[in-house]
Amino acid sequence: MIIVSLARDPEAPDVRTAQMRSATDYAAVCEGSASSALQFSVEGGGGRGFWTISCPRRTDTGRGEVSFFLYLRGTAGSYLVQMSWETAPFAPGNPPLGEARMTKALAFLDTVRLEHGGTAR
């Protein structure tokens, strides 16, 4: 599943706030959720951030979940692209995505860019 969220200025969160909110949301419905370190860069006057969250078992569904997050900051606001996979429950630190699926997801997220004027494509 892919979800794209947009926040216009002045409501647009910075990248650290966006990461913290996603981690807090997962912690509320997951047993043993874990967030990766934030990777952030500035390019072309905007910001680009990436992190992952793994949820070994959701309390509402009993299933596992893994999400990759891409944050883009433009002149008009911020965009958050979330790629999520529902999985069987898994041991913490061992999400069952497989190398090929992760590589494909990262390659896709690497292609997401902001157009002039700060809109995502």
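Everything in the sequence shown is counted per the working numbering, starting at 527 for the first residue and increasing by one. Where a beta carbon is used, it is the ideal one built from N, C-alpha and C, also for glycine. Predicted model, so just to flag it, every value in this text is computed and none were measured.
Nearest by alpha-carbon distance to residue i: which of the options is it?
i, options, result
"Pro539", "Met527, Gly558, Leu598 and Leu623", "Leu598"
"Ala544", "Ser580, Leu596 and Cys581", "Leu596"
"Leu564", "Ala554, Arg547 and Arg627", "Arg547"
"Arg583", "Ala560, Ala602 and Arg574", "Ala560"
"Leu606", "Thr613, Arg589, Val638 and Thr629", "Val638"
"Leu632", "Arg589, Thr587 and Gln608", "Gln608"
"Leu640", "Val568, Asp586 and Ala614", "Val568"
Pull up the distance between the alpha-carbon of residue i and that of residue j, whole angstroms please.
i, j, result
"Cys556", "Phe594", "16 Å"
"Ser604", "Gly572", "9 Å"
"Arg627", "Asn620", "14 Å"
"Glu591", "Pro618", "11 Å"
"Arg574", "Gly558", "27 Å"
"Ile579", "Asp636", "18 Å"
"Leu532", "Ala554", "23 Å"
"Gly588", "Ala549", "18 Å"
"Thr585", "Leu623", "20 Å"
Across which residues does DSSP place residue i in a beta bridge pair?
i, result
"Gly600", "Note: Gly600 sits in no beta bridge, so no partner."
"Gln565", "Phe576"
"Met609", "Ile528 and Phe594"
"Glu557", "Arg583"
Answer yes or no: does any C-beta atom of chain B fall closer than 8 Å to that of residue i?
i, result
"Ala602", "Chain labels in this structure do not include chain B; a single protein chain is all it has."
Buried or exposed for residue i, going by 16 or more other Cβ atoms inside 10 Å?
i, result
"Met527", "exposed"
Measure how close the beta-carbons of residue i and residue j come, nearest whole angstrom, since I'm counting them as under 8 Å.
i, j, result
"Val541", "Phe566", "6 Å"
"Ala602", "Asp551", "So it is not a contact: roughly 24 Å between Cβ atoms."
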